[in-house]
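Using the numbering used here, the letters of the sequence shown correspond one by one to residues 1 to 194. To start, the structure under review is shown below, and the notes come after it.
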Amino acid sequence: MMQPLAFTLAALVLLATPGPTNTLLWLSGASAGFRRSTPLLLGELGGYLSVIIPAVALLAPFLAAHPQIGLALRIVAACWVLFLAYALWTTGDDSRTSSEITIRHVFVTTVLNPKALIVALVLLPQTGLAATIPWIAGFSLLVVIAGSLWIGAGAMLVQLSRGARTSLLPRRIAAVCLAVFSFGIAGSALAAIV
Numbered sequence: 001m002m003q004p005l006a007f008t009l010a011a012l013v014l015l016a017t018p019g020p021t022n023t024l025l026w027l028s029g030a031s032a033g034f035r036r037s038t039p040l041l042l043g044e045l046g047g048y049l050s051v052i053i054p055a056v057a058l059l060a061p062f063l064a065a066h067p068q069i070g071l072a073l074r075i076v077a078a079c080w081v082l083f084l085a086y087a088l089w090t091t092g093d094d095s096r097t098s099s100e101i102t103i104r105h106v107f108v109t110t111v112l113n114p115k116a117l118i119v120a121l122v123l124l125p126q127t128g129l130a131a132t133i134p135w136i137a138g139f140s141l142l143v144v145i146a147g148s149l150w151i152g153a154g155a156m157l158v159q160l161s162r163g164a165r166t167s168l169l170p171r172r173i174a175a176v177c178l179a180v181f182s183f184g185i186a187g188s189a190l191a192a193i194v
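Structure (structure tokens):
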């Protein structure tokens with residue numbers, strides 16, 4: 001079983017790694033500011049917990065017996081992330097309200113993010129749900145901390161570039177990152193098939 005310090009460090013490294021959810025948090029920080037983006041942390045935390053709790057309780061034995069379902073989940077995740085990349089790339093600066101990143105966007109992206117399964121099936125002790133609750137509570141705190149840092153990084157980008165013509169730059173950067181993540185997820189699923 002992983003010790004608390006090792007778990008904390010591993011979880012922080014995983015949460016600090018750029019990915020689809022972090023890209024959305026960063027972009028929201030850049031476009032809406034830190035304060036207006038903090039409710040998105042509820043979507044991130046809800047997304048993680050919606051995957052982790054059932055995975056700890058039920059999913060680990062089921063996925064071991066049915067690996068093709070895990071592959072299908074990766075393909076769905078890749079399609080969602082690619083859709084978000086397309087939406088970000090094609091949204092102009094003049095339609096900011098229609099392209100606002102919502103709690104729902106962050107929630108769905110986090111649910112489809114492979115990081116949640118890594119936490120549930122690799123980092124957390126496989127000792128049953130009741131024994132895992134303190135670990136899940138600690139992970140929840142780490143999610144809020146790391147997510148806040150991503151939002152803050154996006155908000156800081158805007159502060160540093162005040163006056164420069166960069167209104168579409170954060171969206172374009174985020175769209176390219178999401179497309180790369182999408183192809184990475186799809187590639188890992190295809191590699192598992194071959």
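All C-beta atoms in this analysis are idealised placements derived from N, C-alpha and C, irrespective of residue type, glycine included.
For the region 65-149, the full-length alpha helix (DSSP H) segments reaching 4 residues or more read 67-90, 103-111 and 114-118 along the chain.
Between Ala155 and Phe62, the gap from beta carbon to beta carbon reaches 8 Å or more. Thr90 counts as exposed, since fewer than 16 other C-beta atoms from the protein chains shown sit within 10 angstroms of its C-beta. Taken atom to atom, the span from the alpha-carbon of Leu40 to that of Thr23 is near 12 Å. Leu88 is classed as buried because its beta carbon has at least 16 other beta carbons within 10 Å across all chains shown.
When the Cα atoms are used, Thr102 and Pro67 turn out to be separated by approximately 32 Å. Here Gly152 has Gly29 and Phe34 as same chain residues with Cβ atoms under 7 Å from its own Cβ, once five neighbours each way along the sequence are excluded. For Leu45, the enclosing alpha helix (DSSP H) has its first and last residue at Leu40 to Pro54. Non-local C-beta neighbours of Val51 in its own chain, meaning closer than 7 Å and more than five positions away in sequence, comprise Val111, Ala116, Leu117 and Ala120, ordered along the chain.
Taking one beta carbon from each stretch, the region 10-24 and the region 142-151 have 3 or more pairs nearer than 8 Å; the two touch.
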